[in-house]
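Engineer: Under the numbering used here, think of the first position of the sequence shown as 2, with each following residue one higher. Quick reminder that beta carbons are idealized off the backbone N, C-alpha and C, glycines included. Computed from a predicted structure; not experimentally measured. One structure, as structure tokens, below. Some questions next.
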Amino acid sequence: MTNTGENFQLPTFLACITDRVLPSQARPLVVQADELEPLPATAVHNPSELAIAGRLPTFGFEIFHQVIPAGLSSDMQRHHHETVHYVISGRGHSEVEDDTVEWTTGACIYTPPWTWHRHYNDDPAEPVVFLTIEGSRLVAALGLTRRQSAGLATVAEAREAFPD
Numbered sequence: 002m003t004n005t006g007e008n009f010q011l012p013t014f015l016a017c018i019t020d021r022v023l024p025s026q027a028r029p030l031v032v033q034a035d036e037l038e039p040l041p042a043t044a045v046h047n048p049s050e051l052a053i054a055g056r057l058p059t060f061g062f063e064i065f066h067q068v069i070p071a072g073l074s075s076d077m078q079r080h081h082h083e084t085v086h087y088v089i090s091g092r093g094h095s096e097v098e099d100d101t102v103e104w105t106t107g108a109c110i111y112t113p114p115w116t117w118h119r120h121y122n123d124d125p126a127e128p129v130v131f132l133t134i135e136g137s138r139l140v141a142a143l144g145l146t147r148r149q150s151a152g153l154a155t156v157a158e159a160r161e162a163f164p165d
């Protein structure tokens with residue numbers, strides 16, 4: 002029995018939770034929306050607007066507020082960390098390697114490590130808003146950080162530009 006993936010079982014997960022967790026001294030516990038730090042457009046490589054909750058003292062993950070404007074997409078990229086996008090509002094689809102999946106408000110989109118992926122806003126009038134959670138800090142702490150962007154390319158074009 003596993004704690005994640007297709008074989009996930011809630012009883013197994015609950016059995017792994019201990020009854021004693023010591024409180025952390027890490028602060029701040031809250032970062033308000035107006036305290037999110039926007040990433041410069043030159044660092045994003047696509048039309049998305051990204052802002053990080055960088056002051057949170059997380060060790061293993063980072064949290065971003067991501068907006069993809071109406072009718073646009075993120076870049077085709079891959080990285081060593083896994084990511085989950087929670088769709089706060091909007092609708093669209095994602096390419097993850099050779100799979101194309103559709104999503105709407107309330108969905109969670111999983112991106113496995115080192116897979117080419119790109120997220121598309123299918124609405125011609127409204128932006129897509131994501132809460133993006135990625136395991137990049139833990140991967141960086143282990144010295145394994147790597148990220149590649151193929152820009153606004155297809156999966157095939159990304160594979161051609163960055164052969165393994």
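#1: Sorted by chain position, which residues of the same chain lie with C-beta nearer than 7 angstroms to Arg-28's C-beta, five sequence neighbours on each side aside?
#2: Could you spell out the range, first to last residue, of the alpha helix (DSSP H) harbouring Arg-138?
#3: Would you tell me roughly how many angstroms separate the C-alpha atoms of Ile-134 and Asn-8, rounded to the nearest one?
#4: Take the Cβ of Gly-91 as the centre, count every other Cβ of all protein chains shown within 10 Å, and call the residue buried at 16 or more, exposed below.
#5: Tell me which residue opens and which closes the beta strand (DSSP E) that Phe-65 is part of.
#6: Determine the closest residue to Asn-122 out of Ala-44, Thr-13, Asp-76 and Gln-10, with distance taken between C-alpha atoms.
#7: How about the region 79-87 and the region 99-112: do they share at least three Cβ pairs that are nearer than 8 angstroms?
#8: Opposite Arg-92 in the DSSP bridges: which residues?
Structural biologist: With the structure as the only source:
#1: Pro-58
#2: 137-142
#3: 22 angstroms
#4: buried
#5: Element bounds for Phe-65: 63-69.
#6: That would be Asp-76, whose Cα lies nearest to the Cα of Asn-122.
#7: yes
#8: Thr-105
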